[in-house]
Amino acid sequence: MHVILLSSLAALVAGSAAAAPLSTVGSVEVSVSPELQKKAAEDLGVKDVDRLAAELRRDVTRELERTGVLAGGRMELVLTDVRPNRPTFRQLGAQPGLSYESYGIGGATIDGQAISVTGEVTPIHFQWYESDIRQAWTKSTWADAHYAFNRFAYRYGRGESYAAR
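For the sequence shown, full-length UniProt numbering begins at 1 and goes up steadily by one.
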């Protein structure tokens with residue numbers, strides 16, 4: 001009885017591993033623009049901007065794998081601008097009078113290109129910034145930037161985000 005149960009479980013596990021979907025996107029590369037690198041070094045903090053670039057890559061990869069858009073192709077994205085909702089750790093350290101209770105409108109700008117398997121290049125431009133300051137007082141430091149990344153990934157994964165021409 002135990003042998004039948006164990007062999008059934010082994011077959012089930014082997015079948016689910018074989019049925020696991022393969023990656024549908026060749027690669028997603030995210031870099032930081034020189035202007036944003038300078039802004040990060042002088043004001044925002046390099047660690048924060050590097051974490052945001054890694055999150056953008058994760059979000060886009062997740063959605064492209066989920067939807068199958070750009071299967072086998074690649075995406076080259078450039079994080080052009082980010083704005084925090086609250087002062088970053090680096091800003092708080094550099095300006096002693098600054099408070100974490102300060103808040104503002106945040107968001108992000110993403111540029112780049114999508115390259116299909118056939119070599120077709122589609123330029124990408126996406127930006128989203130909160131437009132209502134009343135929404136900002138409850139948010140964390142990078143909440144609007146995170147929302148912009150998720151919104152871009154979701155929209156691109158469903159064919160709703162097109163190049164600015």
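For every residue, glycine included, the Cβ atom is placed at its ideal position computed from N, Cα and C. If you're wondering where the values come from, they're calculated on a predicted model, not measured in any experiment.
- Three-state class that DSSP yields for I105 in the structure shown: The residue given as residue 105 occupies position 105 in the sequence shown. I105: coil per DSSP, three-state reduction.
- Item | DSSP beta-bridge partners of A114 | To locate residue 114, count along the sequence shown from 1; it is residue 114. M75, T122, per the DSSP bridge assignment.
- Reference S140; option with closest CA among E130, G157, R86: Taking the sequence shown and counting its residues from 1, one reaches residue 140 at position 140. When only C-alpha atoms are compared, the closest one is R86.
- Message: So, with DSSP's three-state summary, where would you put Y129?
- Response: Walking along the sequence shown from the start, residue 129 turns up at place 129. If DSSP states are grouped into helix, strand and coil, Y129 belongs with the strands.
- Using only alpha-carbon positions, find the residue among Q91, T67, P123 that is nearest to R83. Against the sequence shown, residue 83 aligns to sequence position 83. Of the listed residues, the one whose Cα sits closest to R83 is Q91.
- Message: Check this for me: beta carbons of Y103 and A136, under 8 Å apart or not?
- Response: Here residue 103 is taken as the residue at index 103 of the sequence shown, counted from 1. Here residue 136 is taken as the residue at index 136 of the sequence shown, counted from 1. Yes, they are a contact pair.
- Message: Assess contact between the segment 121-134 and the segment 30-38, defined as three or more Cβ pairs (one per stretch) separated by less than 8 Å. Is contact present?
- Response: no
- Task: Compare the Cα-Cα distances from D144 to each of G93, G73, L52, G106 and report the closest residue.
- Result: Walking along the sequence shown from the start, residue 144 turns up at place 144. The candidate whose alpha carbon is nearest that of D144 is G106.
- Task: Name the residue from L79, E65, T122 whose alpha carbon lies nearest to the alpha carbon of D48.
- Result: Here residue 48 is taken as the residue at index 48 of the sequence shown, counted from 1. Comparing Cα positions, the closest option is L79.
- Task: Could you check what DSSP says for E160 in three-state terms: helix, strand or coil?
- Result: Indexing the sequence shown from 1 puts residue 160 at position 160. Three-state result, E160: coil.
- Item | Collapsed DSSP secondary structure at V28 in the structure displayed | Translated into the one-based positions of the sequence shown, residue 28 becomes position 28. Note: V28 maps to strand in three-state DSSP.
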